[in-house]
Structure formats: C-alpha cells, structure tokens
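Residue numbers (the working numbering): 4 to 213.
Just so it is clear, CB atoms sit at the ideal spot from N, CA and C, and this is done for glycine as well.
A quick note: this is a predicted structure, and the numbers were derived from the prediction, not measured.
All remarks here apply to the structure that follows.
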C-alpha cells in the first residue's frame, strides 16, 4: 500500500502544549533554519518572526483563500489563523474546528524566498512535523490508501486513512496531503470522527479548489 512520501499518514504524537504555543515553536524553529541557511554558519540562529494573527471565522477563511479557494464545508468554522511574510519566508496557517468539536482541519503553506527553495523545503517540513499540530490526535491506523486528486490544476497525493484515537479508542478518518498552493508548498490535514465523516464533501472540497 502506497503512502505519501512527504507526510507520514500517522500524525506525530501530540505534545502537551497549547495550540498557539505549538505554532510559536514552529515559527522559531523555521526562523533558526532560515538563519543557518542564509548565514552559512553552525549553531542556533535567532530570527524575529512577527506573525499576524486572526481568530474570527471569516478572517480565518479569508486567510485560507490566500492558499487556495477551497469550498470549506459549512460544519467547519475558522478557529485561528497566523501569517508571516518577510524577505526570507512567507507562511500561512489556518486551523478549523468542526461545529460539534468532533473534528479539526489545518491548512499550512510556506515559501522560501532566498537561495534555492528545494534546498530548504525538506528541512522546513521536518521542523513542522517534529513540532506536531494543535488539536490533532495520535491515531492507531487500521486502513490507509493514497489517492491522486487534482488541486489547482496540479496532481497531488492525499492519504485517506482510518484509525482509532490512541487515548479514547474513538474512530477517526484522517486525510492529509501536499499540494501546490497559490504562493508555495501547501499541506492539508483533516481529522474527523467516524460518525460525522462526509467523504463526498471532503473530496469535493479538494477537487473544486481554485
């Protein structure tokens, strides 16, 4: 069974930190990578990232539209959004929550503006995965398949998985994959409890992106 090479279908273990703190750690880690790559020195680099934060659902959806014009399902409301855009890197993060609290979806996009982006993308992806993602569950995967879906006119690989929450045994559907957004490399990660899962709506959201 094939898996997405860039993003492991099983989410990284959830660390006991608040969602906002996780993203701050991600920005700090990415800043360090950027400084090291730019300056060509070893050690820890410190770079000041000043993210713009939004918290209302309309603002989060507007920020997500800067990544791709997804038709976000009505039962998902924008919870938090963060944006960084400077001379070294641009990054957008959007966090959505199911209206019943039984699912989460995240959109992340980044672009390196200096040097050869391909030289730094792998490092950035590792930093993001190591920090984990707010609200995402650690699942024991029991079924997984990779599907090719055209997003923004480009083929993209998405992993559709099923599993159980390691702490509660609640059944979840997990969808994640990488695609080319409007500004750079983008990732979508969605987790929804089995009882409120709507596969048709999710596939339609991905295919209708523009």
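A Cβ-Cβ distance of about 15 Å is found for the pair residue 178 and residue 71, leaving them out of contact under the 8 Å criterion. Residue 93 carries a strand assignment under DSSP once its states are collapsed to helix, strand and coil. For the pair of segments examined, the region 137-150 was found to touch the region 160-180: the number of CB pairs separated by less than 8 Å reaches three. Straight through space, the alpha carbons of residue 160 and residue 152 are spaced by roughly 6 Å.
Taking C-beta separations shorter than 7 Å and ignoring five residues to either side along the sequence, the partners of residue 58 in its chain run 83, following chain order.
In the structure shown, residue 53 adopts coil according to DSSP, grouped into three states. Annotation: the continuous beta strand (DSSP E) that includes residue 147 extends over 142-154.
Secondary structure of residue 201 (DSSP, three-state): coil. Within the same chain, Cβ atoms closer than 8 Å to the Cβ of residue 103 are found at 78 and 199, the five residues on either side in sequence being excluded. In the DSSP assignment, residue 159 falls within the unbroken beta strand (DSSP E) covering 157-168.
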